[in-house]
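Protein sequences appear in the order of chains A, B, C, D and E. Going by my numbering, the letters in the first sequence line up with residues 5 to 407, in that order. Going by my numbering, the letters in the second sequence line up with residues 250 to 458, in that order. Going by my numbering, the letters in the third sequence line up with residues 16 to 125, in that order. Going by my numbering, the letters in the fourth sequence line up with residues 21 to 261, in that order. Going by my numbering, the letters in the fifth sequence line up with residues 1071 to 1570, in that order. To start, the structure itself, in structure tokens.
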Amino acid sequence: MSAITSYTQVRPYTRGWLALMAGLGAVIAVALGAVWHMEHQGHWVTGMTNQVVWGLPHVFAVFLIVAASGALNVASMGSVFGRVGYQPLGRLSALLAVALLAGGLAVLVLDLGRPDRLSVAMTHFNFKSIFAWNVILYSGFMAVVAAYLWTMMDWRAKRFYKPAALAAFGWRLILTTGTGCIFGFLAAREAYGAAVMAPLFIAMSFAYGLAAFILVLSLSFKMTRRSMGDALPARLVRLLGLFVAANLYFTALHHVTQLYFAGRSGVEAFILWNGGIHTALFWGGQVGLGGILPLAVAYGGCGHAPRKRAMMASVMVVLGGLAQVWVIVIGGQAWPLDLFPGMEASSTFADGHVHDYAPSAWEVMLGLGGIAIALVVTTLGITALRLLPAHLGEATGSCRSPD
Amino acid sequence: RQAGQPASAAQRWGLLIDTSKCGVECTVCVEACKAEMGLSGHDRPRTDAQYVRKVNVRDPATGAAHSVPVMCQHCAKPPCVDVCPTGASMKRADGIVLVDRHICIGCRYCMMACPYKARSFAHEDQSGQQPHLPRGKGTVEGCTLCVHRIDEGKPPACVEACAARARGAMLFGDLNDPKSEIAQKVAREATTRIRADLGLEPGVRYQGI
Amino acid sequence: MAYTSNGAAIEADEEGYLTDINQWNEDLAGQIAKDEGITMTPEHWEVVNFLREYYSEYQIAPAVRVLTKAIAKKMGPDKGNNKYLYELFPYGPGKQACKIAGLPKPTGCV
Amino acid sequence: MTIFFAILFSVSTLVFVAGLAMKIAQYARTPAPLKIPTTPAPLTKGGVALRLGREALLFESLFRGDKLLWLFAFVFHLGLAVVLVRHARYFQGEAGPLVALVQPLAQPAGLAMVAGLTLLLARRFVIERVRYVTGPSDILMLALLLAIGVTGMLMKCVIHTDIVMVKAFFTGLMGFELRPLPADPLLGLHLLLVCLLMIVFPFSKLLHAPGLFFSPTRNQTDNPREVRHLAPWAAKLDEGQ
Amino acid sequence: MAAAPFDIPALGDPAEHPVPALKPGAMAASKPYVAAEAHQQPLGFPGELAEGWEKRAIDHMGGLLSKYRSLQVFMDICVKCGACTDKCHYFLGTGDPKNMPVARADLFRSVYRRYFTPVGKIAPGLVGARDMTREVLDEWYSYFHQCSQCRRCSVFCPYGIDTAEISMAARDIMDSIGQGQKYCNEIIGKVHRIGNNLGLPAPALLDTLEGLEEDILDETGVPVKLPVDVAGAEVLLVTPSADFFAEPHVLGLIGYAKVFHAAGVSWTLSTKASEAGNFGMFIGNYEQMKKISMRIREAARELGVKRIIFGECGHAWRVAYSFLNTLAGPWDFLDSRYPVPQHILEFTSDLIRRKGIRLDKSGNDGMVLTVHDSCNVARGARMGTEPGGQFTIPRAVIAASVPKLVDMHPDTICDKTFCCGGGGGLLTDELIELRVKGASPRMEALKDVVDKQGVTHMAAMCAICKAQFTKILPYYDFDREMVVSVHQLVSNAIVLGDND
Ligand code: HEM
Ligand code: HEM
Ligand code: SF4
Ligand code: SF4
Ligand code: SF4
Ligand code: SF4
Ligand code: SF4
């Protein structure tokens, strides 16, 4: 009946709330323990080596950061592209963007060799480094999205709503491009070094972000007993399908371009054919679980209710996405640097053969800790502020608890 | 250049390595480097630091084989420096590429960027450190071209050792000084750079590959 | 505050309710009604008279429901409702009619 | 200067401690005859402890009431807390782990405190309603803290003082031993204002710090039906019956 | 509605609550009638202001400060942060800055500072300390009777400073020097003399109840009884006397009767305890509050009941829930399986949950309900076993009785609810301007759901709220019958008959 959404906080300190926070807190505590161990012992206790220098933490961090910018999409749909149906979701979308970014950055920072020197990173900038630019992009993203959120929430700021929405939208595109460029600029690494990395990352971000959004939206609605209706999840899952298709398309494009480059057939064969775990994750995880299956669920209609389909597809996209980032980050490093093209090489420093990498439990803990941080931030956000719609679609009973 | 003078762009320090004089089994330069830089290691080859390594290269077509010492190539256009977010990776005016271990945050982006895999990460606490090269857990390090020796007017340790205990395959000098032996030899003979196609203009040149 | 009726001063409280119900007379009722902007009609008198009767029996004004029931009985079921009483006494049948009838003001949460 | 401050510090510390103790004793002694927690309220003592903890550490009610003020207040108090913990090093021989942990936060904390105070002061002039309820003492209180913060920050960042001597002075003072204080005007001003703060504390609105914990609307359990709550003076009325 | 002799606040969007510009002195003239000697004396208060009242006022203040920790602490710890300034419905409705809770409290605090704090004694100007003078007293009288003691300010204050406590103390001081409020004190006198706020004598009560029994029988064909003074009944129902008298209150009373009937629980009213309300709280007087409460104890004793249940009334429930045990306990002579006292909504919701009564929503067809959380229930009491039960239980009962229930804007419900505007002893005709203006935040939120969600009725669970709304709704172009009792809805929906 009403076009106006009412938002309510989530009631804190309920049994479920406490259990959730305790659970997430425990994961974070374990992650911090793992960090302490890794920092105290040094990185040799992880699976990372002088050959595979970025490991599982980076997989999680890149996934979260990429998803962060994509999570903002839903808000942009509502405000930049005027899709009114998405507007009630804008606040959660912005919050999730900040939360995911916070989680990703936390992992990234905690995996540094010297996380205690964070202040150095904040005060010493090498403006030639895309990485340094990313520090600025990330902090700026937080600020822009926070401002955007404010304009969504405070009626006094209504007139800044559009500009803020546009700024946030622009910023997030730059941000994802920046993240893609971290890899794109590594000319020496054969797996990367291609211009399609930028659009590929944008497609990835759309898909991961929306999937994360759908999961958080559905779970928070379920846990706080809010009603949603079927129209919205149906629309969201179709949109997700679109993004997944785009991701598949750019992945294909990437590999075709790679094959076209002279001298890149080795690495391509490695990823696509004989790379063991990486190949398995590429086909089974990235393409199958994260691409074809969700497409089928989104468009094929598997007979389940839209909300269930949306959840299923999102879980697949998240898992497939992690696989995809693994293939990019780890797979790309596993393929040896070719110092002497056309020659066979060997050395005490592992030249000339594929590098193996097996993540340690510590890295898994840290990565999961990042996800937990993102969820804690999200939970705190929807607890402290009115971000979550009281209901979506037709209101049913209205026995709302106090905030 | 006089000892104690600041580094200047007048110099461009470089190495010329004649692989034909490099024995397959010879690791004199590697051992010398370890001793000079205090790289005692933990006997964990995957994570221990190596500033210089011997790469055995074989041409599958001809069967011709070489053994090539590879260290930081002290690129003129070093990607490690470009990507380093804090500016810890830096190039001295005289072309030597170094890591400032006080501002390195251990992000390892430089290791991702270096095409020569010339850098190592200090994966754990180090012992047996040399006073001129304090090594800290959690930062990145690599061949310094023995900058501490150069500043005292001495050649790098590996070069000295190779000359003394092997066949003198390594030549050190100022590529910018036309009178220097290395500059004359580079001008005279056919030398190559590893992955010259990348256009990084390394300061280390090779002969015979 | 006070009214004058037949030359005598009749005391009332700040709001115009008589302090002594026994000093009430019909002329005074008309006067109070006029102050309230009401012209007394037979319908008004029905209500006022019922109030006085009820009061003399129970020492309190009747509940609204009792009043409407009584009015319905006397004047027909279509008039036995709140709306009708409010038409007669716009400020509320309880209080305004009581004032005119010389009754004390009902107190409490009403 | 040394002797002047030695005396001043002794006196103001005495006023501060005694005044505060008397006030707290007064609050503790005064009975709360009726159960008046603002509901919904916790049902158990543990719940009350949590509620008070959230009020003291997170300013929960203020957050619900005024988000912007909460932000300012939070920034200021957090900065203040860190600054005060950092100051423990002037009084302790051996710095504890907490003190060590916050040592690197000097600039951010001092900045947060000063910025928070400035914003709090600004809103007293900018917002009409707040201007209306603001009295001279409210402005002076903020100004006093601001002055302390600014002189402190100046010492920290611009004109350094000999903090080893400062430490010696205070550790000495605590053992009733006179050691010299650096003859530094900025430090003198800082300390003078700090003494003033300590003296006014027990007589001013700064009592909100201990007072929060005695506020009956926040520190009572919601169990009046289960447990009969009776103040001594009210019990006397019972006996009269 | 006939034009009112004052402006009626315009209603906007409750989500965009602009704070009104300050209009100093706008309500300075608003004050209730002063109690006459005849109203003062029965309560043991001096009949009028007499020579030396200033000193007596200060002495009394000193006494209160040593008896109430709340007062002492609240006097000291306010930091004038202003978080409360835009929370009071009277400020929002009138724009008078002295209706900002902190400014209201400062009227009291200024005197406290002058006489009880060193700084106020030495440098009064610095901290705004003032002597107790006639002008100050006039301000007190005016503005402490513009506080409905709703405690909304205390919710948002970082220290929980409750201006209601300060208003109560101020009113107690004014009573103690002979400057009482007529409305409250006259009513308290009636409770002592007759047994209820209305002054409804026993015969009138019996007659009224008999009439109601007839009505129910006519309407439903079921002989539902409204028993009075029945010794040995299980339940003593204590309900505001307005439930016997006014609309829609009385419809709620019928609802209670039907619930008891359907549940088969024996119950009784009492002529002695024919009032749930306790205006002793409004005037901040512990002894009066206790004396009024003791009537309930006596009635329960005399009738030999097992449990006490309170009808729908906000401040009555606060006194009952929070204070009754203190004032008139211990209640060891009642059945210990039940809390003392219980709220009728606790009783009914429990029956609904246990399927002890049946409700048919079609009895309320066409109604879309919203609910007004009465301030004293919301912020001063509880229902059920969980914190916040006072919000969920009424909603559960209403939801079970009506086809649709929606909530008003979240800033205006539950513990953030706005007072109806007539609480705290202000429900008197001479304060009509204050009442109309003070109701505006509630009316704004109501209009919002009426416009956007098609709400037709607003349920209230307090006699004062119901009386206030019936009076005030027409000023805002709503129908006066829009406000309904919660048990009126139950009454319409309950299925009687097939219970034996
Ligand atoms: C348990 C400790 C404390 C708590 C929970 C607390 C809490 C608060 C809160 C909630 C406010 C209201 C918001 C505001 O106006 O900023 C406030 C104000 C204030 N606090 Fe505290 N505080 C504490 C300790 C202190 C201390 C130790 C000081 C000073 C030495 C202090 C100085 C102030 C001042 C000056 C204000 C008024 C700010 C203004 O005028 O706007 N507080 N405090
Ligand atoms: C006995 C009491 C105090 C002494 C002896 C003292 C002394 C000092 C000294 C020596 C510094 C300079 C620090 C440096 O150069 O590293 C300083 C800084 C500072 N002081 Fe104090 N101070 C006292 C109390 C206070 C109080 C009560 C406050 C706040 C209400 C305060 C606020 C600051 C601030 C904000 C700074 C700058 C930031 C920092 O160094 O932490 N001081 N103080
Ligand atoms: S070889 Fe590697 S580490 Fe050395 S300068 Fe070149 S890019 Fe940097
Ligand atoms: S690891 Fe150190 S030197 Fe390498 S890029 Fe990172 S900060 Fe720079
Ligand atoms: S120049 Fe020095 S640091 Fe570099 S490889 Fe030779 S010995 Fe090692
Ligand atoms: S108790 Fe209610 S009426 Fe009184 S000042 Fe506070 S908000 Fe206003
Ligand atoms: S919110 Fe509390 S502390 Fe702040 S001004 Fe109001 S009463 Fe004072």
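The beta-carbon is built from N, C-alpha and C at its ideal position, and this holds for glycine as well.
Asked	Found
Counterpart residues of Ile1564/E in DSSP-defined beta bridges	Leu1429/E
Beta-carbon neighbours of Lys1360/E, restricted to chain D and to distances below 7 Å	Leu257
Gly324/A to Ser318/A span [Cα, whole Å]	10 Å
Coil, strand or helix - Arg1377/E by DSSP	strand
Reduced DSSP secondary structure (H/G/I, E/B, other) of Asn305/B	strand
Closer than 7 Å: Val103/D CB and nearest ligand 2 heavy atom	yes
Which of helix, strand or coil DSSP assigns to Val453/B	strand
Inter-residue Cα distance where the pair is Leu104/A and Ala1074/E	56 Å
Bridge-paired residues (DSSP) for Val1438/E	Lys1474/E
Length of the line joining the Cα atoms of Thr388/B and Gly287/B	16 Å
Unbroken stretches of the beta strand (DSSP E), 3 residues or longer, contained in the region 1125-1150 of chain E	none
8 Å contact criterion, which Leu140/D and Leu162/D should meet: CB distance rounded	6 Å
Leu1307/E, DSSP secondary structure in three states	strand
Paired residues, beta bridge with Val1553/E - DSSP	Met1528/E
Near ligand 7: Gly231/D beta-carbon under 7 Å from a heavy atom	no
Rounded straight-line distance, which links the Cα of Val1320/E to that of Thr1309/E	11 Å
Where Leu1268/E meets chain C, residues with beta-carbon distance less than 8 Å	Ile75, Pro121, Thr122, Gly123, Val125
Closer than 7 Å: His1573/E CB and nearest ligand 2 heavy atom	Outside the shown range of chain E (1071 to 1570) lies residue 1573/E, about which nothing can therefore be said.
Alpha-carbon to alpha-carbon, Lys43/D and Ala106/A	45 Å
In DSSP terms, what Ile53/C is bridged to	Looking at the DSSP assignment, Ile53/C forms no beta bridge with any residue, so it has no partner.
Simplified DSSP assignment, three categories, for Leu99/A	helix
Inter-residue spacing [alpha-carbon to alpha-carbon] between Cys1220/E and Pro1409/E	25 Å
CB contact below 8 Å: Trp366/A versus chain E	no
Whether Cys1254/E touches Phe1315/E by CB criterion (8 Å)	no
Residue environment, Ser6/A, which counts as buried when at least 16 other CB atoms sit within 10 Å	A caution first: Ser6/A carries a pLDDT of 37, below 50, which makes its placement in the model unreliable, though a value can still be read off. Per the 10 Å Cβ criterion, exposed.
Top-ranked residue by Cα proximity to Leu1475/E, from Ser1340/E, Arg1174/E, Asn1434/E, Pro1297/E	Asn1434/E
Gly263/B: first and last residue of the uninterrupted beta strand (DSSP E) it sits in	262-267
Contact with chain E by Ala17/C, beta-carbon distance below 8 Å	no
Under the three-state DSSP convention, the category Trp39/C falls into	coil
As assigned by DSSP and simplified to three states, the class of Val1189/E	helix
Start-to-end residues for the alpha helix (DSSP H) that takes in Ala314/B	Taken as a continuous stretch (DSSP letters only), Ala314/B belongs to no alpha helix (DSSP H), being part of the beta strand (DSSP E) at 314-319.
Inter-residue Cα distance where the pair is Ala192/A and Tyr365/B	9 Å
Contact list for Phe1393/E against chain D, beta-carbon separation under 8 Å	Leu54, Lys55, Pro244
CB contact check: Phe234/D to chain E, cutoff 8 Å	yes
Leu1323/E beta carbon less than 8 Å from that of Asp1313/E	yes
Limits of the unbroken alpha helix (DSSP H) element including Met1202/E	That residue, Met1202/E, is in no alpha helix (DSSP H); it is neither H nor E in DSSP.
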